Structure formats: C-alpha cells, structure tokens
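J.:
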Amino acid sequence: MTVRELKFYFKKHKFLSLTLYLQLTLFFVILGTFIAFEGQLDYESNNLHKIYEGKAIYQLLDGYYDGDEYANFVSQSDYLNRLKTYYNQLNNTNDFQYLAMFNHHILLKDTGIPEEFIEGYEQGSKKYQENIDGTPYTAVKSFQMNKQAMDYFGLSVEKGTIWDENEFKDNTILPVLLGSAYQDVYSVGDETTINFYSKTFTVKIIGFLKENSKLFFNDNTEFYLDKYIILPYRDYEDPTSETDELFQQISYFAMVNGYIVTDNSPSQNQIMMQRVEAISKNSSFGGYSFIGLNPHFQKYRGLMTVLQENKILIQSIFVSTFLLNLIVIIIILLLQQKRRLSSFAIHYLNGATKWRIVKMLWIEISTILLAAYLTNFIILDKILNIGEMKTQFILLILCITMSIIICIMPARKLLLNPMTDYINNEDEGGI
435 MTVRELKFYF KKHKFLSLTL YLQLTLFFVI LGTFIAFEGQ LDYESNNLHK IYEGKAIYQL
495 LDGYYDGDEY ANFVSQSDYL NRLKTYYNQL NNTNDFQYLA MFNHHILLKD TGIPEEFIEG
555 YEQGSKKYQE NIDGTPYTAV KSFQMNKQAM DYFGLSVEKG TIWDENEFKD NTILPVLLGS
615 AYQDVYSVGD ETTINFYSKT FTVKIIGFLK ENSKLFFNDN TEFYLDKYII LPYRDYEDPT
675 SETDELFQQI SYFAMVNGYI VTDNSPSQNQ IMMQRVEAIS KNSSFGGYSF IGLNPHFQKY
735 RGLMTVLQEN KILIQSIFVS TFLLNLIVII IILLLQQKRR LSSFAIHYLN GATKWRIVKM
795 LWIEISTILL AAYLTNFIIL DKILNIGEMK TQFILLILCI TMSIIICIMP ARKLLLNPMT
855 DYINNEDEGG I
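Counting in our numbering, the sequence shown runs from 435 upward without gaps.
Here is the structure:
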C-alpha cells in the first residue's frame, strides 16, 4: 500500500479514523495506568510483607537521657571505647538485625541549592546558613544509616553504585548516596563539602537511589528519601582532636538508638533480650531501654487493608471501563469493515490481489493503533510519569497482537468468499 493511498483513505474516513484513534488511545492509557498501579500495589504489599510479616521490631534507646547521668558517663576516660564496643556488638551479632538510622540534618556547601532540599522546607522553615572558613553552608535534609538498615529496606541505585562493606570504615573521603531528586544538581563522582555534627568532611557522590526509595522510620511508614543526602554510619578510629571526639560522641550515641528486628516468637524475643543484656554488660554500657513491640505494626495492618481495598476497587473500575471501551472499539471496527468491503471488491476488480487487499487493511488498522500507542506512550511517560519500560513493552505487544486479531475476521471474508459478493454493497467512502 502506498503512502498516497493511505492518505486518501484517512481523508475519506477521517471522522471514523479519528474516533477509533481517540478510543484506542484512551484504551491504552487506561490499561497502562492499571498495569502500573497493579505493579505498584504488588510492590508495596510485598515490601510491607517482607518488612513486617512475622517480625518483631523493638526500638532501642540509650538510658542516658538525664543530663547528670549523661555528663557523668562522658566524663569517664574510657566512655568512647565502651560506646563503640556496645554499638559494634549490636551491629555484628547474629541473634537479631540491628537497624541504626537517624534523620539529622547536615550543612552542605552552598553552590546554589534548590529550596526543596532545605531542612524544614515542607514546614515552611526559612533557609538556615552558617559561614565556615569563609564559605556559606546551608542546612539540608540528610539521613544516616548502617548497612543492615540499607539491606533490610532493599535500597538500590538507578545510577552509580551502592555502599559496600569497606565504605563503612573510617576513610578520608565520605561516600554518600543522593535521593533521585538530586540528579539535576550533582553527578556521580562529584565531590563537595559538608559539615556534620560540627566536623567538616569531603564527600563523594557514588550513586543516586531509585525514585521513590523509602523506608519506615519512627512514626512515618513511608519515609521517602528522594530529597535526602544519605550518609553511612561508619566505624571510626581513635579521635585526633577535641572536635573529632565530640563528633564521635554524638555520632555513636545516635547509632546506639536504633531498631532491633527479630522473628516474632517468644523464644526469639527472649534470646534477643538476653543478647542485648549480655552486650550491655560486656561493653560496660549499662543504660538502655526498649520502647514497645512493633511500633509500626498497627499501621502496617492498616496499610495492607487499604492496599487490598484499593486493589479490588481499581480492578472493578478497570474491568468495567475495559469492557465499555472494547465494545465501542468493536462497534467502530464493524462499521469500518462494512463500509470498506465494497471498496475492496472494486479494488480487486481493478487488478489488486486478495493478499494485497489484506495487507492494505492491516496497514490501515495498524497505523491507527500505532498512533494511539505512541500518544499513550507520551501521556504515560511525560505527563503521568508512570511509563516504565515494562508497562510500555506490554502495551506494544498488545498493540501488535490487536492489529493482527482485528484483521483476522475481514481477512477471512476477503480470502474465502468471492469478491463479487460485496460488489453491490453501498460504498459511502470509496478507496
């Protein structure tokens, strides 16, 4: 079929072709949205299930919240070694998982930081800056965690690399991960400077987390990291100055206030508690306490219920909308085929072969389907931002399959029946 013939066809059947194009575009957008939503619901359900199902989660706190007790503890000559021993044994035991994480802000060297990354931006806080060695630093959102927390929540990168074991050791340059929103500000391999707990570090960006990376922190069951700078909790060598000692003191106290995850059974809970007590005595770190069992458990149950109800609701809406669109598309195609049979018969009498006519039919339908698919691709990818390659690939396969199936019935009539059967049909559009 030539381009001229295709243009002629669309000119003669512009209203029917436009209606079919719009209906197919709507069909693909609805189906693509449903596929993306189903995938997200499955991900959320599996992620929640992995994190909470069958688990007991305790929040572990240090016992030095009283000012006098804290001052007495840090006045002892070996307090920092005891604190480090306590954390390292929590972090390396095989009896439970220890998730050390905190969301203390950092000061970042300001080279034009977008406001959305500023600490307290969502609450309307003003930009906080400090001048360090003649350079302006701005308070930005930051999250700190150990490797167990990173692994437990399954964090991964879309660019660069994730932390390995060596990057949790005390090296000169601090490797950091950035939330996906930072990709317009920095690149992998860039270096900059931060001030964290009054100590200045050179940091190197090693990777960007995947979009919508999140974890479950404090009372927030969906703590998104897109606008955060993520720092690793590291094992530090002996301090070399008072500033370094103060930094390590504050850091390790933050690190020993974390979460303990174990199997939710009386025997495992008992083993966990006995192990924490043994670690406390072995490190001479006497003050600790637990806050409740599974601080997120009720919210987890609520989220799972909401997810399941949403899934059923969306499935019901999709099925009804899908059937309605399918009926409309079938009616349009039946009308189109009825109008075209006599045209095909005339074309046959003018010398065209039956296979060439079938090819013409397939190209006409496929052109409309492809145009609808490409429009859907733009809508899902650029407007709705849910056009993952997996979803688009499924829709492309469906588009190709539909073009073949739609042509089967008229092709069967054209190939098996005499063309003279259609010569007397009224032709309202020609060829």
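Here a beta-carbon is modelled for each residue, glycine too, at the ideal position from N, C-alpha and C. Computed from a prediction, not measured in an experiment: that's the story for all the values here.
Any idea if Lys392 is buried or exposed, counting beta-carbon neighbours within 10 angstroms, 16 or more meaning buried?
T.: Summary: the structure shown does not reach residue 392, with the chain confined to residues 435 through 865, and so no result is reported for it.
J.: Could you pull out every residue in the same chain whose Cβ sits closer than 7 Å to the Cβ of Val762, ignoring the five residues on either side in sequence?
T.: For the purposes of this step, residue 762 is identified with residue 328 of the sequence shown, where counting begins at 1. Around Val762: Gln457.
J.: For Ile839, is the classification buried or exposed, using 16 other Cβ atoms within 10 angstroms of its Cβ as the cut-off for buried?
T.: As a working mapping, residue 839 is identified with position 405 in the sequence shown. That one is exposed.
J.: Quick check: what's the CA-CA separation for Tyr504 versus Phe827?
T.: Working through the sequence shown from its first residue, we reach residue 504 at position 70. Working through the sequence shown from its first residue, we reach residue 827 at position 393. Looking at the two C-alpha atoms, the distance is approximately 59 Å.
J.: Where does the unbroken alpha helix (DSSP H) through Leu542 begin, and where does it stop?
T.: Looking up residue 542 in the sequence shown gives position 108. Segment Ile540 to Lys543 is the beta strand (DSSP E) holding Leu542; no alpha helix (DSSP H) there.
J.: Going by CA-CA distance only, name the one from Lys561, Thr626, Phe442 and Ala688 that's closest to Tyr722.
T.: Residue mapping note: residue 722 aligns to position 288 of the sequence shown, counting from 1. Checked all of Lys561, Thr626, Phe442 and Ala688; the closest Cα to Tyr722 is Ala688.
J.: Which ranges would you report for the beta strand (DSSP E) in the segment 537-605 if only whole runs of at least 3 residues count?
T.: Runs of the beta strand (DSSP E) inside the segment 537-605: 540-543, 563-566, 569-574, 576-579 and 591-594.
J.: Where DSSP assigns a beta bridge to Pro844, which residues make up the other side?
T.: The residue labelled residue 844 in the question sits at position 410 within the sequence shown. Answer is none; Pro844 lacks a bridge partner.
J.: Phe602 and Tyr513 - do their beta-carbons sit closer together than 9 Å?
T.: The sequence position of residue 513 within the sequence shown is 79, counting from 1. The sequence position of residue 602 within the sequence shown is 168, counting from 1. Not closer than 9 Å, so no.
J.: By how many angstroms is the C-alpha of Leu524 removed from the C-alpha of Val710?
T.: Walking along the sequence shown from the start, residue 710 turns up at place 276. Walking along the sequence shown from the start, residue 524 turns up at place 90. The alpha-carbon atoms of Val710 and Leu524 are separated by roughly 7 Å.
J.: To the nearest angstrom, how far is the alpha carbon of Ser837 from that of Gly588?
T.: Stepping through the sequence shown from its first residue, residue 837 is reached at position 403. Stepping through the sequence shown from its first residue, residue 588 is reached at position 154. C-alpha separation (whole angstroms): 40 Å.
J.: Does the beta-carbon of Thr724 have 16 or more other beta-carbons within 10 angstroms, so that it is buried, or is it exposed?
T.: Position 290 of the sequence shown holds residue 724. Inspection of the sequence shows that residue 724 is occupied by Phe rather than by Thr. Exposed: under 16 other Cβ atoms inside 10 Å.
J.: Quick check: what's the CA-CA separation for Gln702 versus Tyr492?
T.: The residue labelled residue 702 in the question sits at position 268 within the sequence shown. The residue labelled residue 492 in the question sits at position 58 within the sequence shown. Going from the Cα of Gln702 to the Cα of Tyr492 covers about 12 Å.
J.: So Thr677 is in the alpha helix (DSSP H); what residue range does that whole segment cover?
T.: Taking the first residue of the sequence shown as position 1, residue 677 is located at position 243. Element bounds for Thr677: Glu676 to Met689.
J.: Tell whether a beta-carbon distance below 9 Å holds between Ser451 and Phe461.
T.: Within the sequence shown, residue 451 is the residue found at index 17, counting from 1. Within the sequence shown, residue 461 is the residue found at index 27, counting from 1. No, Cβ-Cβ distance for Ser451 and Phe461 is not below 9 Å.
J.: So, does the segment 689-697 touch the segment 518-536, judging by three or more C-beta pairs under 8 Å?
T.: Result yes; three or more Cβ-Cβ pairs closer than 8 Å.
J.: Can you find the residues in the same chain that come closer than 8 Å, C-beta to C-beta, to Asn759, ignoring five residues on each side of it along the sequence?
T.: Looking up residue 759 in the sequence shown gives position 325. Contacts found: Gln457, Leu460, Phe461 and Ile464.
J.: Glu625: which of Ile797, Leu608 and Glu556 sits nearest, CA to CA?
T.: Translated into positions along the sequence shown, residue 625 becomes position 191. Nearest option by C-alpha distance: Leu608.
J.: Tell me, please, whether the segment 643-660 touches the segment 551-566 by the rule of three or more beta-carbon pairs shorter than 8 Å.
T.: The segment 643-660, when compared against the segment 551-566, does not touch it at the 8 Å Cβ threshold.
J.: When burial is assigned at 16 or more other CB atoms within 10 Å of the CB, is Met579 buried or exposed?
T.: Translated into positions along the sequence shown, residue 579 becomes position 145. By the neighbour-count rule (16 or more Cβ atoms within 10 Å), Met579 is buried.
J.: DSSP has Glu625 in a bridge; who is on the other side?
T.: By 1-based counting over the sequence shown, the position of residue 625 is 191. Paired residue(s): Lys638.
J.: Determine the DSSP secondary structure at Gln510, reduced to helix, strand or coil.
T.: Locating residue 510 in the sequence shown gives position 76, where the first residue counts as 1. Residue state, collapsed to three classes: coil.
J.: Quick check: Thr674 and Thr636, are their CB atoms within less than 9 Å of each other?
T.: Translated into the one-based positions of the sequence shown, residue 674 becomes position 240. Translated into the one-based positions of the sequence shown, residue 636 becomes position 202. No, they are not a contact pair.
J.: Could you give the DSSP three-state label for Asp815: helix, strand or coil?
T.: Residue numbering aside, residue 815 sits at position 381 when the sequence shown is read from its first letter. Here Asp815 sits in helix by DSSP.
J.: For the beta strand (DSSP E) that contains Ala490, what are its first and last residues?
T.: Walking along the sequence shown from the start, residue 490 turns up at place 56. Where Ala490 is concerned, the enclosing beta strand (DSSP E) stretches over Lys489 to Asp496.
J.: Quick check on the DSSP output: the alpha helix (DSSP H) that includes Gln704 runs from which residue to which?
T.: What you label residue 704 is simply residue 270 of the sequence shown in a count that begins at 1. Where Gln704 is concerned, the enclosing alpha helix (DSSP H) stretches over Pro700 to Asn716.
J.: Since I believe Thr595 is in contact with Ile640 (beta carbons under 8 Å), could you give me their beta-carbon distance rounded to a whole number of angstroms?
T.: Here residue 640 is taken as the residue at index 206 of the sequence shown, counted from 1. Here residue 595 is taken as the residue at index 161 of the sequence shown, counted from 1. Contact flag correct, Cβ pair sits at about 5 Å.
J.: Examine the Cβ distances between the segment 507-521 and the segment 543-556 and report whether three or more of them are shorter than 8 Å.
T.: No: the two stretches stay apart, fewer than three of their Cβ pairs being nearer than 8 Å.
J.: Do you know offhand how far Phe731's Cα is from Ile552's?
T.: In the sequence shown, the residue the question calls residue 731 occupies position 297. In the sequence shown, the residue the question calls residue 552 occupies position 118. For Phe731, the predicted model reports a pLDDT of 48, less than 50, meaning its position is unreliable; a value from the coordinates is still stated below. Rounded to the nearest angstrom, the two C-alpha atoms are 31 Å apart.
J.: Helix, strand or coil for Asn654? Go by DSSP, reduced to three states.
T.: Stepping through the sequence shown from its first residue, residue 654 is reached at position 220. Note: Asn654 maps to strand in three-state DSSP.
J.: Using the Cβ count rule (16 or more neighbours within 10 Å means buried), how would you classify Arg735?
T.: As a first step, residue 735 must be located in the sequence shown, where it is residue number 301. Reliability fails at Arg735, whose pLDDT of 49 lies under 50, so the model's placement of it is uncertain and the value that follows must be treated cautiously. Answer is exposed; the Cβ neighbour count stays below 16.
J.: So what's Ile820 in DSSP terms, helix, strand or just coil?
T.: One-based indexing of the sequence shown puts residue 820 at position 386. In the structure shown, Ile820 sits in coil (DSSP, three-state: anything other than H, G, I, E or B).
J.: Applying the criterion that 16 or more other CB atoms from any shown protein chain within 10 Å of the CB defines a buried residue, is Asp500 buried or exposed?
T.: In the sequence shown, residue 500 corresponds to position 66, counting from 1. Asp500 comes out exposed.
J.: May I ask you to report which of helix, strand or coil DSSP gives Gly466?
T.: Numbered from its first residue, the sequence shown carries residue 466 at position 32. Gly466: helix per DSSP, three-state reduction.
J.: Give the straight-line distance between the Cα atoms of Pro729 and Ile834, rounded to the nearest whole angstrom.
T.: Reading the sequence shown from its first residue, position 295 is the one you call residue 729. Reading the sequence shown from its first residue, position 400 is the one you call residue 834. Here Pro729 scores only 45 on pLDDT, less than 50, and its place in the model is too uncertain to base an answer on.
J.: What do you get for Glu599, buried or exposed, if any count of 16 or more other CB atoms within 10 angstroms of its CB means buried?
T.: By one-based count along the sequence shown, residue 599 stands at place 165. It counts as exposed.
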